[in-house]
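If you use our numbering, the sequence shown corresponds to residues 641 to 716, in order.
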Amino acid sequence: MEPLFYVMAIMGCADGNVQCTEARVVPVRYQSMAQCRAALPAQLARNTDIDYPMLGAACRTAGAQVARNDAKPPKL
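Structure follows, in structure tokens:
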């Protein structure tokens, strides 16, 4: 199973930072959300070639994620 990591999506937005759509995903994997967020300004500066009036970015999880089910089975 692949470990959990974080990626950054570069978003292209209309004027006023609304109607954003994902333009690309940065090909860097971050070990924590804090590392990803710290890299936001530099990655935005590197991705100015996207044809939108406004740019944004969002960090999100990627990789394998396991759901936990702590619910106890019903008594019969």
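Yeah, the Cβ is synthetic: ideal placement off N, Cα and C, and Gly gets one too. Quantities reported herein were computed from a predicted structural model and do not represent experimental measurements.
If you look at residue 659, you'll find it in the beta strand (DSSP E) that goes 658-665. Within the same chain, and ignoring the five residues on either side of residue 680 in sequence, the residues whose Cβ sits closer than 8 Å to its Cβ are 648, 697 and 699.
A Cβ-Cβ distance of about 3 Å is found for the pair residue 692 and residue 652, placing them in contact under the 8 Å criterion.
For residue 669 against residue 645, the beta-carbon gap comes to about 4 Å, under 8 Å, which counts as contact. DSSP places residue 695 in the strand class (E or B) of the three-state scheme.
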